[in-house]
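Protein sequence lines correspond, in order, to chains A and B. According to my numbering, the residues represented by the first sequence are 1 to 221, in order. According to my numbering, the residues represented by the second sequence are 222 to 442, in order. Here a beta-carbon is modelled for each residue, glycine too, at the ideal position from N, C-alpha and C.
Number of protein chains: 2
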Amino acid sequence: MSPETQIENRPTKRGPRHVARQAMEERILDAAAWVFSQSGYDGATMAEIAIKADLPKANVHYYFKSKAGLYSTVLSKILATWLDQMNAFTADQDPAMALKRYIHGKIELSRVYPIPSRVFANELLHGAPFIDRELATDLRDEVDRIAEVFKTWKERGRIRPVDARHLLITLWAATQTYADFEVQVDTVLRAKAGEKAVFQAGAEQLTEIVLRGLGLEVPRE
Amino acid sequence: MSPETQIENRPTKRGPRHVARQAMEERILDAAAWVFSQSGYDGATMAEIAIKADLPKANVHYYFKSKAGLYSTVLSKILATWLDQMNAFTADQDPAMALKRYIHGKIELSRVYPIPSRVFANELLHGAPFIDRELATDLRDEVDRIAEVFKTWKERGRIRPVDARHLLITLWAATQTYADFEVQVDTVLRAKAGEKAVFQAGAEQLTEIVLRGLGLEVPRE
DNA sequence: CTTCAATTTGACCATTTGGTCAAATTTCGA
DNA sequence: TCGAAATTTGACCAAATGGTCAAATTGAAG
C-alpha cells in the first residue's frame, strides 16, 4: 500500500470533487442569504438565487434539493456563529469586562454579517417555523449557562442582582438592531449606517449605559 | 330646507353606507395585519386574508384595490400610533419620569398591538420599500424634536450628556423585541410571552438599567 | 485512452397567486 | 314603491414559482 493511497483513504473527504462541491455550496449559500434577506422566505425565488449565484436554476437544485433546505442551512450557520461568541462569556472573568466584550463583539458580528442576521430576524419574526428545534435546545442551553454565570457573580457580590434573561433579551435586541433595522438607524441618525463609526458609537454608548445601569465601572481599555 | 337635510349635508360623511364601509375596512385590515404578520408581505395571500375576514376574495378587492394598498395602510396606522406616543415626550418634564413613562408606554404598545408591530418590523427588515417616505419625514421630524429635548435637558444640567439618537435606537429595539421576537423571548425566559407579567418585568428592568445608566434616580411612583 | 459517476442545463409542468369582470343582489333616498 | 348606486360573489386568467427530468458534458481513476 503506497503512502499516497494511505493519505487518500482518510475518512475526511479531500478529493478535488469534494472541494469543488463545498466551494459551490458556499457560493449558493451566499447568494441565497442575500436573496432571503431582501425578500424573506416566501418572497425569495429560486430563480433569483440562481441568478445571484450565476448558475442555472436546475443546478442550484442539484446542490440543494429544496428552498427550505437552503434556508435552514443559512439559519443554522448564523446561529452557530452567535452561540460561539456567547461561549466566551464565563464566570471567571470580571463582569464589566465580560459584558463590555460581549456587547462590542455582538455589534461587530452585526457589522460583519448583517445579511444572515436579517434572515434570522425574519425567521424569528414569523415564529421560527424552521429553526424552532435548535432554539429550544442549543440556544436555551447557552442561555441557561449564562444565567448561571450571573448567579455566580451575584453570590460573589461582584454584581448587583439582575434578571439575566431579560438582560440578554435587551442586549440582543439592542445589538441586532444595527444590522436588522438599518433603514431605521439611517433615518434616526441621519447618516449612512453600515459605516464602522456608527457601530462603534452604538457599542460604546450601549456599553456605558448597561454597565452603569448595573452599577459597574466602565473598564478603560 | 329641513333640519334633517342640513344635518345630512355636513361634509363629514355619516350615512349608514359610510359607516358600514368603515366597519368593513377595519375588519379587512385586522385580518390582513394578522396574515401579514404571520407570513410577511410576499408570503401573505389575498385568499388567506379573505378567509380570515370571512369574505369572498373578490369582496376584499372591492374595498382594497391591491395587496400593496392593504399592506401600506396597516403600516401607516401603527406608525401613527407610535409617533403619537412619542409626542408625549417633552422638555418640561422631569427626565427620569419622561423616560420611565416612555419605556413603559412603548412596551405596553408592544403588548397591545403585537401584530401590526410585527408587520412593521418585517417592513423595516426588508429596507422599508413601502413606507420609506413616511420614515424620512414624520419619523425623522419626531426624532429631531426629541433630540432637541435631550439637548435642552443637558443645557439645564438635568441629564448627563448622551447621544439621544443612539439612545432612541436602543429603546426601540429593546421595547419592540417583546412583540416582534416573541419566540425568542419565550425561549430565553422559558415562559409564555404575551403574558402581562413578562412585559411588566421587562419594562421595569429596562427602565432601571437605562435610568441608572444615565445617572438618574428611578422615580418611585 | 476508457469508463463511469458526478455535474450541468434547457425544457417542461402542476400549482398558486394577484387581480378582473360581469352578473346578481342589496340598500338607501326620494 | 321604485330606481339608481353600492355591494357581493363565483368564475376566470395570465404570470410566476418550486421542482423534475432526461439528455449532454466533464473529469478523475485505472
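Where the alpha helix (DSSP H) containing residue 103 of chain A begins and where it ends | 95 to 112
Cut-off 8 Å between Cβ atoms - residues of its own chain near residue 61 of chain A, not counting five sequence neighbours on either side | 46
Stretch pair the stretch 19 to 32 of chain A + the stretch 51 to 68 of chain A: three plus CB contacts closer than 8 Å | yes
Proximity test, Cβ basis, 9 Å: residue 2 of chain A and chain B | Note that residue 2 of chain A has pLDDT 32, beneath the 50 cutoff, so the model's placement of it is unreliable and the number below is only indicative. No - not a single Cβ of chain B is within 9 Å of the one on residue 2 of chain A.
Quick one: which chain A residues come within Cβ less than 9 Å of residue 241 of chain B?
-> Neighbours of residue 241 of chain B on chain A: none; closest Cβ ~33 Å, over 9 Å.
When A/33, A/210, A/100 are compared against residue 114 of chain A, the one with the closest alpha-carbon | A/33
Assess, as a yes-or-no matter, whether the stretch 399 to 408 of chain B is touched by the stretch 165 to 180 of chain A under the definition of 3 or more beta carbon pairs within less than 8 Å.
-> yes
Contact with chain A by residue 387 of chain B, beta-carbon distance below 9 Å = yes
CA nearest to the CA of residue 208 of chain A, picked from B/397, B/439, B/391 = B/391
Only counting runs of 4 or more residues, tell me where the alpha helix (DSSP H) segments fall wholly within the stretch 239 to 296 of chain B, in order along the chain.
-> 267 to 273, 278 to 284
For residue 135 of chain A, the first and last residue of its enclosing alpha helix (DSSP H) = No alpha helix (DSSP H) contains residue 135 of chain A, which DSSP labels as neither H nor E.
Under a three-way DSSP split, which group does residue 213 of chain A fall into?
-> helix
Relative to the C-alpha of residue 420 of chain B, which residue among B/298, B/305, B/395, B/439 is closest?
-> B/395
Closest Cα partner of residue 435 of chain B within the set B/259, B/298, B/316 = B/316
What's the C-alpha gap between residue 223 of chain B and residue 291 of chain B?
-> Residue placement at residue 223 of chain B cannot be trusted, given a pLDDT of 32 that sits under 50; the coordinates are not used to answer.
Closer than 8 Å at the beta carbon, the chain B residues around residue 61 of chain A | Within 8 Å Cβ-Cβ: nothing; residue 61 of chain A doesn't reach chain B, min ~20 Å.
Alpha-carbon to alpha-carbon, residue 121 of chain A and residue 397 of chain B | 13 Å
Have a look at residue 308 of chain B and residue 363 of chain B and give me their C-alpha separation to the nearest angstrom.
-> 8 Å
Report yes if the CB atom of residue 131 of chain A is closer than 9 Å to the CB atom of residue 79 of chain A, and no otherwise.
-> yes
Residue 12 of chain A versus residue 84 of chain A: straight-line alpha-carbon distance, rounded = Confidence is the limiting factor: at residue 12 of chain A the pLDDT is only 46, short of 50, which leaves the residue's position unreliable and the question unanswerable from this model.
Report yes if the CB atom of residue 321 of chain B is closer than 9 Å to the CB atom of residue 250 of chain B, and no otherwise.
-> no
In terms of residues, what are the limits of the alpha helix (DSSP H) holding residue 166 of chain A?
-> 164 to 180
Under 8 Å between beta-carbons, which chain B residues line up against residue 208 of chain A? List them in chain order, please.
-> 434
Return the residues of the stretch 254 to 272 of chain B that lie within a Cβ-Cβ distance of less than 9 Å from chain A, sorted by chain order.
-> 258, 259, 260, 261, 262, 263, 264, 265
Between residue 294 of chain B and the rest of its own chain, which residues show a CB-CB distance below 7 Å, the 5 nearest in sequence each way excluded?
-> 250
Proximity winner among A/40, A/98, A/104, relative to residue 75 of chain A (alpha-carbon distances) | A/40
Does any residue of chain A bring its CB to less than 9 Å from the CB of residue 230 of chain B?
-> Annotation note: pLDDT 35 at residue 230 of chain B (below 50); position unreliable, coordinate value reported separately. Not an interface residue.
Residues, ordered as in the chain, of the stretch 76 to 92 of chain A that lie near chain B by beta-carbon distance below 7 Å = none
Tell me, to the nearest whole angstrom, how far the beta carbon of residue 424 of chain B is from that of residue 338 of chain B; I am working on the premise that it is less than 8 Å.
-> Not quite, the Cβ-Cβ distance comes to about 15 Å (not below 8 Å), so this is no contact.
Beta-carbon neighbours of residue 163 of chain A, restricted to chain B and to distances below 8 Å | 422, 426
Chain B contacts made by the stretch 117 to 139 of chain A, where a contact means CB separation under 8 Å | 118, 121, 122, 124, 125, 126, 127, 128, 132, 135, 136, 139
Mind pulling the chain B residues with CB within less than 7 Å of residue 174 of chain A?
-> 391, 394, 395
Exposure of residue 5 of chain A, with buried meaning 16 or more beta-carbon neighbours within 10 Å | Low per-residue confidence applies at residue 5 of chain A: pLDDT is 31, beneath 50, and the placement is therefore not dependable enough to give any value.
In chain A, which residues lie with their C-beta within 8 Å of the C-beta of residue 398 of chain B?
-> 169, 170, 172, 173
Inter-residue spacing [alpha-carbon to alpha-carbon] between residue 269 of chain B and residue 126 of chain A = 16 Å
Chain B residues whose Cβ lies nearer than 7 Å to that of residue 143 of chain A | 409
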